Amino acid sequence: MKSSSGNQDHVFRFVTNHAHVLQVISADPTARLRDIAQIVGVTERTAAEIVNDLEQAGYLTKSREGRRNRYEVHDELPLRHPQHRHHTVGDLIGFLQAPPGAPAGR
Amino acid sequence: MASQADRDRRWSFVTNHARVLACVAAEPNARLRDIAAAVGITERTAVQIVNDLERAGYLTKIRDGRRNQYTLGGLATSQVIALLLEVFDRQPLM
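Top line first, the protein sequences correspond to chains A and B.
The first sequence runs 14 to 119 under this note's numbering.
The second sequence runs 30 to 123 under this note's numbering.
Here is the structure:
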């Protein structure tokens, strides 16, 4: 992924906003788009697009719960890139959620 | 309007920086050409990414005859690498 900053500062990351959104939802399945957007550092519109991408790819299922959405994360699904198929999305979430210094949850 | 296939292809969970780092960690003698092929980017992009990683302290380049040899940074970084590898990839280069 290219740096989104557009300058030559070479700010880069190892995981994408899609991974971050999925991790936030996994931690709080009734998170509001506004909160997801704020945590990840994207606009609410972008957060909605990412959630749609994740839903269309089967990683998320949305259901209505009162005035909120409740998301179910299907963390048994494999990552999509051919190089990464032997890992599940649950591995990725466990890695991102592991507290500093702790071994990654699997 | 982008097709579903296009939409699926234009996002991923992991960046090319992570993929390049995983390649280098798996094969410290890797040539840029092979890294580029494994990750699916141009050699020029691979160079830029390796430079980014070097500048950020994730790896150090050492000239070894006609090849570059890469070493990964200190302990904390190695732990990061181990986690990255464990989670994301350990595909040997061809």
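Here a beta-carbon is modelled for each residue, glycine too, at the ideal position from N, C-alpha and C.
All values derive from a computational prediction rather than experimental measurement.
- Within chain A, the residues placing a beta-carbon under 8 Å from that of B/Thr-44 are Met-14, Phe-25, Arg-26, Phe-27, Val-28, Thr-29, ordered along the chain.
- A/Ile-49 carries a helical assignment under DSSP once its states are collapsed to helix, strand and coil.
- Among the residues of chain B, those whose CB is under 8 Å from the CB of A/Ala-32 are Phe-42, Val-43, following chain order.
- Residue range 81–86 is occupied by the beta strand (DSSP E) that includes A/Val-86, with no alpha helix (DSSP H) assigned at that position.
- Between A/Phe-27 and the set B/Tyr-87, B/Thr-100, B/Ala-59, B/Ala-65, the nearest pair of CA atoms involves B/Tyr-87.
- With 16 or more neighbouring CB atoms inside 10 Å of its own CB, B/Arg-48 falls in the buried class.
- For the C-beta of A/Asp-48, not a single chain B residue is nearer than 9 Å; the gap to the nearest is close to 21 Å.
- Going by DSSP, B/Asp-93 is part of the beta strand (DSSP E) stretching over 88–93.
- With a threshold of 16 other beta carbon atoms within 10 Å, A/Asp-41 falls short and is exposed.
- With a threshold of 9 Å between beta carbons, A/Ile-63 makes contact with chain B.
- Its chain contains Pro-91 as the residues whose beta carbon lies nearer than 8 Å to that of A/His-99, once the 5 sequence neighbours on both sides are disregarded; these appear in chain order.
- B/Ala-66 and B/Arg-73 have their C-alpha atoms spaced approximately 11 Å apart.
- Taken atom to atom, the span from the alpha-carbon of B/Asn-45 to that of B/Asn-80 is near 13 Å.
- For A/Leu-105, the closest Cβ of chain B is nearer than 9 Å.
- Annotation: B/Ala-55 has no Cβ neighbours in chain A at a cutoff of 7 Å; minimum Cβ distance is about 11 Å.
- For B/Arg-39, the closest of A/Phe-108, A/Arg-47, A/Arg-93, A/Val-102 by C-alpha to C-alpha distance is A/Arg-93.
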